[in-house]
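In the working numbering, the protein residues as written are 6 to 402.
Below you'll find the structure, written out as structure tokens, and then a few comments.
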Amino acid sequence: MHETTHALIDGLRERYREPSSPDQAAFHEGFADIVALLSVFSLPTVVETLVDRTHGDQLLDTKVLKPDALRESMIFGLAEQVGSELESVRGKPLRQSLTIKPDVALYESREFREEHRRGELLVAAMMTAFVNMWSRRLVALVKDRQRVDRSRAIEEGADIADCLLTSAIRALDYSPPVDITFGDYLSALVTADREIRPSDTRYQLRSSVLDAFASYGIKPASDDPEGYWKTPPKALDYTRTHFDAMRRDHDEVFHFVFENREELGLHPNAFTAIQSVRPCTRIGADGFALHETVCVYVQILEPLASELGTLDLTKPPNMPVDKKLRLFGGGALIFDEYGHLKYHVYNPLTSAARQQARLDFLWESGALRGETTARLSVSRMHLQRGADSQRDPREEW
6 MHETTHALID
16 GLRERYREPS
26 SPDQAAFHEG
36 FADIVALLSV
46 FSLPTVVETL
56 VDRTHGDQLL
66 DTKVLKPDAL
76 RESMIFGLAE
86 QVGSELESVR
96 GKPLRQSLTI
106 KPDVALYESR
116 EFREEHRRGE
126 LLVAAMMTAF
136 VNMWSRRLVA
146 LVKDRQRVDR
156 SRAIEEGADI
166 ADCLLTSAIR
176 ALDYSPPVDI
186 TFGDYLSALV
196 TADREIRPSD
206 TRYQLRSSVL
216 DAFASYGIKP
226 ASDDPEGYWK
236 TPPKALDYTR
246 THFDAMRRDH
256 DEVFHFVFEN
266 REELGLHPNA
276 FTAIQSVRPC
286 TRIGADGFAL
296 HETVCVYVQI
306 LEPLASELGT
316 LDLTKPPNMP
326 VDKKLRLFGG
336 GALIFDEYGH
346 LKYHVYNPLT
356 SAARQQARLD
366 FLWESGALRG
376 ETTARLSVSR
386 MHLQRGADSQ
396 RDPREEW
């Protein structure tokens with residue numbers, strides 16, 4: 006499942022392997038771990054080993070269903086589930102992610118700037134949301150009683166894991182195609198979940214995810230009070246496009262983007278390409294069908310370091326003036342079933358602040374000097390994590 010997820014990301018967001026930021030470098034591995042963990046915890050037979058490791062009677066004491074108790078059970082349960090075959094490569098790093106306790110200072114800390122550790126932070130935030138959702142749901146069920154039915158606890162845990170997993174994967178469609186941050190992904194996740202599940206009263210998934218990420222210092226990228234992506238401007242020109250063709254034709258989508266380039270905030274002189282066009286049908290738990298078309302475009306500009314000033318950017322210290330650079334921008338266009346744009350999720354090439362942060366990070370890390378590989382190598386990250394897993398986890402503290 007972990008390796009399959011890497012292929013999924015590559016298919017939907019191929020630019021996530023480009024050198025960009027600490028978050029983008031960490032996202033590939035962190036997201037793959039999230040999918041692997043939630044896939045395991047969505048299996049009732051696995052959840053059964055977590056809720057009560059003493060394998061007692063049919064009724065469980067509510068003490069074993071509190072967040073800290075569930076987290077501890079997940080750590081030990083994972084050790085059994087991964088088996089000895091995966092222990093040296095995947096098991097220990099996954100369990101270390103579960104041991105990272107909430108602290109709002111972690112996201113900005115130096116310890117979690119390194120890509121492997123930063124990926125573990127993303128996993129920790131998501132699994133904290135899962136544990137809190139599960140515990141809150143069970144507390145609501147038992148009310149003033151002290152014990153809860155084992156089968157019901159197992160069913161709720163597996164259902165919550167499956168629901169969170171589905172929204173986590175759907176969030177990729179609502180994520181920008183370049184320079185993703187954890188905040189971008191957080192806004193994408195809550196937006197994707199709201200689209201298919203407008204009512205969030207049962208699991209309170211969106212508020213739980215927002216609270217869990219905030220407890221690690223991760224805030225949504227959108228300035229909406231609830232973290233959702235905002236709708237695009239109304240003044241878009243649809244008169245010269247045909248939506249039926251836009252559901253499959255890259256050229257038709259490019260025509261729409263070109264006609265609305267100013268409203269969409271595109272750079273006028275950058276190379277622009279439509280990366281993908283995908284009609285999607287999403288089915289909710291209640292059978293509700295959501296029809297969308299997700300189109301992804303990217304923009305690329307290749308200035309010399311000496312030309313950065315014309316883009317309101319500052320050349321990093323000691324960078325040669327004749328150094329050729331590559332700047333990225335891009336967005337995901339989500340159209341409804343009638344051909345109107347619902348969301349434009351983008352990181353614009355014209356954002357000087359974002360481009361400056363990317364340049365500074367890549368120059369400082371050596372990626373622009375040729376001291377590191379130009380594109381993220383998943384196999385390299387696995388080898389590094391495998392080496393890290395041989396260390397005693399106590400040495401990390």
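All residues carry an ideal CB built from backbone N, CA and C; glycine is no exception.
Per the coordinates, the alpha-carbon of Gly35 lies some 33 angstroms from the alpha-carbon of Leu313. Taking one beta carbon from each stretch, the stretch 129-148 and the stretch 156-165 have 3 or more pairs nearer than 8 angstroms; the two touch. Around the C-beta of Glu125, 16 or more other C-beta atoms lie within 10 Å, and the residue is accordingly described as buried. Relative to Gly188, the option among Ser370, Ala372, Val350 whose CA is nearest is Val350. Taking the Cα positions, Ala310 is about 13 angstroms away from Gln360. Put simply, the backbone Cα of Leu127 is about 42 angstroms away from that of Arg245.
For the 9 angstroms CB-CB criterion, Gly335 and Val183 form a contact. By the Cβ-count criterion, Phe366 is buried, with 16 or more other Cβ atoms from all chains shown falling within 10 Å of its own Cβ. For the options Glu160, Arg142, Trp234, the alpha carbon positioned closest to that of Ser180 is the one of Trp234. Annotation for Asp28: the continuous alpha helix (DSSP H) segment containing it runs 27-46. DSSP links Phe340 through a beta bridge to Thr298, Leu346. In the three-state scheme derived from DSSP, where H, G and I count as helix and E and B as strand, Tyr351 is classed as strand. Counting of Cβ neighbours within 10 angstroms places Ala158 among the buried residues, the total reaching 16 or more. For Thr236, there is no enclosing beta strand (DSSP E), as DSSP marks it with neither H nor E.
Taking a contact as a CB-CB distance under 8 angstroms, the pair Glu307 and Arg331 counts as one, their CB atoms being some 5 angstroms apart. As DSSP reads the structure, Gly335 sits in a beta bridge with Val303, Asn352.
Minimum Cα-Cα distance from Asp254 among the listed residues Val195, Tyr243, Ile279, Lys68 corresponds to Ile279. Look at Gln63 here: in three-state DSSP terms it is coil, with no helix or strand label.
Phe46 and Ala358 have their alpha carbons spaced roughly 40 angstroms apart. By the criterion of a C-beta distance shorter than 8 angstroms, Val153 is surrounded in its chain by Leu64, Leu65, Thr67, Leu70, Leu143, Leu146, Val147, once the five residues flanking it on both sides are discounted. The alpha-carbon separation between Lys224 and Ala110 amounts to approximately 12 angstroms.
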